[in-house]
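With the working numbering as the guide, the letters of the sequence shown map in order to residues 8 to 374.
Beta carbons: idealized from backbone N, C-alpha and C, even for Gly.
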Amino acid sequence: MVGVPTVRTCPVGRRLRILFLLLIFSATVSPASSTSAAEPGWRRLDLPESGSYALVYLPPALADAPSVPAIVFLHGAGTAPELYPQWVEAAADAAGAALVLPKSLGGLGWGAAGDAAMVDEALAAAAGELPLDPRRTAIAGYSAGGAFAYLLAYLGGAPFSAVFAMAAPYHEVPALADPDRVPPLRMYYGTADRNFVGAHPRLVEQWRRLGVPFEEDLRLGLGHNDLPPDAVADGFAFLVGHELPGTTEGCAPSETALCLAGGRFRVEVDWAAGGNAGPGRVVPAGADDSGLFWFFDPANWELLVKVLDACAVNGHRWVFAAATTNVAHVLRVTDTASGQEWRSEHPGGAAAPAIADTAAFVCEGGA
Numbered sequence: 008m009v010g011v012p013t014v015r016t017c018p019v020g021r022r023l024r025i026l027f028l029l030l031i032f033s034a035t036v037s038p039a040s041s042t043s044a045a046e047p048g049w050r051r052l053d054l055p056e057s058g059s060y061a062l063v064y065l066p067p068a069l070a071d072a073p074s075v076p077a078i079v080f081l082h083g084a085g086t087a088p089e090l091y092p093q094w095v096e097a098a099a100d101a102a103g104a105a106l107v108l109p110k111s112l113g114g115l116g117w118g119a120a121g122d123a124a125m126v127d128e129a130l131a132a133a134a135g136e137l138p139l140d141p142r143r144t145a146i147a148g149y150s151a152g153g154a155f156a157y158l159l160a161y162l163g164g165a166p167f168s169a170v171f172a173m174a175a176p177y178h179e180v181p182a183l184a185d186p187d188r189v190p191p192l193r194m195y196y197g198t199a200d201r202n203f204v205g206a207h208p209r210l211v212e213q214w215r216r217l218g219v220p221f222e223e224d225l226r227l228g229l230g231h232n233d234l235p236p237d238a239v240a241d242g243f244a245f246l247v248g249h250e251l252p253g254t255t256e257g258c259a260p261s262e263t264a265l266c267l268a269g270g271r272f273r274v275e276v277d278w279a280a281g282g283n284a285g286p287g288r289v290v291p292a293g294a295d296d297s298g299l300f301w302f303f304d305p306a307n308w309e310l311l312v313k314v315l316d317a318c319a320v321n322g323h324r325w326v327f328a329a330a331t332t333n334v335a336h337v338l339r340v341t342d343t344a345s346g347q348e349w350r351s352e353h354p355g356g357a358a359a360p361a362i363a364d365t366a367a368f369v370c371e372g373g374a
């Protein structure tokens with residue numbers, strides 16, 4: 008990793024609400040119109056309003072995806088986006104996320120007048136070319152970029168789903184711009200990094216005081232310019248694993264719709280017996296990854312369903328189901344993030360077999 012001088016940043020007062028609306032709009036455009044022109048690999052997007060530019064990367068596995076997570080990556084002080092593809096491309100491939108690497112307006116880091124607006128412009132430009140998911144648009148940065156990333160998210164109130172700050176210096180966040188929407192944070196430091204010694208203790212105290220949920224990756228003996236590939240990969244996986252707080256869409260819990268995995272998956276079942284038919288009813292009990300249905304009597308439960316995240320095991324989310332009925336029924340599980348539907352039909356007349364589909368939904372980035 009190239010040498011990176013000590014950063015200079017300044018507090019960010021401008022919120023990125025316009026960007027959020029733009030991304031919501033882009034997510035409603037026909038996926039075919041977005042992905043048909045989306046070639047995988049790296050490209051440069053010029054940003055005429057700010058006079059800057061951004062490098063954008065789409066992993067090959069996401070070339071035909073209807074919606075993709077995005078990670079904004081902010082470079083270190085005194086450097087440029089072109090120095091970082093070798094450090095972030097493999098991690099983006101593994102996480103299944105597009106990358107947006109904007110170039111700061113100032114030569115000494117981030118915080119120059121117009122930098123926040125330029126990040127807006129870079130993301131809007133990327134959303135015009137790729138089907139970015141506004142619920143899973145996160146931000147990361149190295150050194151100066153790491154500090155500006157957390158300033159944008161917490162002091163500026165930018166609508167990012169998660170934050171990953173690497174080797175970042177300390178800057179004060181006296182109060183959260185949006186206390187009702189606080190994205191989680193991951194920090195990386197080598198313990199021989201000057202910023203670990205000078206910034207880490209104060210940042211930990213700051214996040215605890217503000218109530219920011221955070222986790223850490225600390226590497227013994229590594230310096231400021233040491234950035235292990237697995238640290239980046241783990242950080243990107245953390246980012247992709249979170250959605251924008253308070254904006255989960257798609258699954259609205261109801262008497263007939265069971266919402267699992269943080270509301271991402273909607274589970275429904277329809278039954279038919281003796282010339283009658285109807286929807287299965289959700290038993291008002293369960294967990295985030297599993298739930299129950301009844302057909303005829305609230306006290307007589309008919310079907311247990313689980314949706315399990317096994318992305319780290321075989322690159323898929325699993326669907327398990329066990330029925331205690333011989334009634335004909337159709338079970339449907341919908342991934343509200345991608346629109347994909349998994350279904351299983353039982354014709355009735357015999358006891359329904361157990362279901363253990365370990366390839367029900369492909370995780371972002373593939374198997």
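Alpha-carbon to alpha-carbon, residue j and residue i
| i | j | result |
| --- | --- | --- |
| T42 | T86 | With a pLDDT of 34 at T42, under the threshold of 50, the modelled position of this residue cannot be trusted, and the question is left open. |
| A279 | N333 | 10 Å |
| A241 | G285 | Per the sequence shown, the amino acid found at residue 241 is Asp instead of Ala. When rounded, the distance between both Cα atoms is 45 Å. |
| A359 | N321 | 27 Å |
| I146 | F272 | 25 Å |
| E250 | F303 | 36 Å |
| P186 | I362 | 42 Å |
| C258 | F167 | 21 Å |
| P235 | A319 | 20 Å |
| T365 | D342 | 15 Å |
| L137 | A68 | 14 Å |
| W214 | P220 | 7 Å |
| W94 | G218 | 31 Å |
| F327 | G148 | 39 Å |
| W308 | A292 | 11 Å |
| A72 | G281 | 42 Å |
| L162 | P76 | 23 Å |
Burial state of residue i (16 or more Cβ within 10 Å)
| i | result |
| --- | --- |
| L227 | exposed |
| A182 | exposed |
| V19 | With a pLDDT of 35 at V19, under the threshold of 50, the modelled position of that residue is not reliable, and the figure given next carries that caveat. Label assigned to V19: buried. |
| E348 | exposed |
| S261 | exposed |
| V340 | buried |
| V369 | buried |
| A357 | exposed |
| R350 | exposed |
| N202 | buried |
| E371 | buried |
| V204 | exposed |
| G116 | buried |
| A154 | buried |
8 Å Cβ cutoff met for residue i and residue j
| i | j | result |
| --- | --- | --- |
| A344 | S74 | yes |
| S150 | A123 | no |
| G152 | A184 | no |
| A132 | L52 | yes |
| V337 | R324 | no |
| P141 | D100 | no |
| A244 | A102 | yes |
| L265 | D296 | no |
| A238 | D224 | yes |
| E212 | R193 | no |
| A160 | P190 | yes |
Cβ shell of residue i (< 7 Å), same chain only, five flanking positions each side left out
| i | result |
| --- | --- |
| G230 | G197, A199 and D200 |
| E128 | L54, E56 and S57 |
Sequence-distant residues of its chain with Cβ nearer than 6 Å to residue i (five each side left out)
| i | result |
| --- | --- |
| L311 | L299 and A329 |
| G48 | none |
| G113 | A119 |
| V126 | P109 |
| L6 | Because the chain is modelled from 8 through 374, residue 6 falls outside the range shown and cannot be assessed. |
| L210 | Y177 |
Residue i CB to nearest heavy atom of the ligand NAD below 7 Å
| i | result |
| --- | --- |
| A84 | Here there are no bound small molecules, and the ligand NAD is not part of this structure. |
Contact set for residue i: own chain, Cβ-Cβ below 8 Å, skip 5 residues either direction
| i | result |
| --- | --- |
| E46 | L65 and A70 |
| R288 | E262, T263, F300, W301, F302 and P305 |
| A61 | R51, L52, L54, P88, V107, L108, P109, K110, A129, A132 and A133 |
is_contact[residue i, chain C] using C-beta, thresh 8 Å
| i | result |
| --- | --- |
| Q93 | The structure shown contains no chain C, having only a single protein chain. |
Self-check item: Contiguous alpha helix (DSSP H) assignments of at least 4 residues, all confined to the region 76-131
Solution: Along the region 76-131, the alpha helix (DSSP H) occurs as fully enclosed runs of 4 or more residues at 92-102, listed in sequence order.
Practice problem: Entirely within the region 171-230 and at least 3 residues each: give me those beta strand (DSSP E) ranges in chain order. | Solution: 192-197 and 221-226
Self-check item: Residue ranges of each beta strand (DSSP E) within the region 304-341, 3 or longer
Solution: Taking only runs of at least 3 residues, the beta strand (DSSP E) segments lying wholly in the region 304-341 are 308-317 and 323-330.
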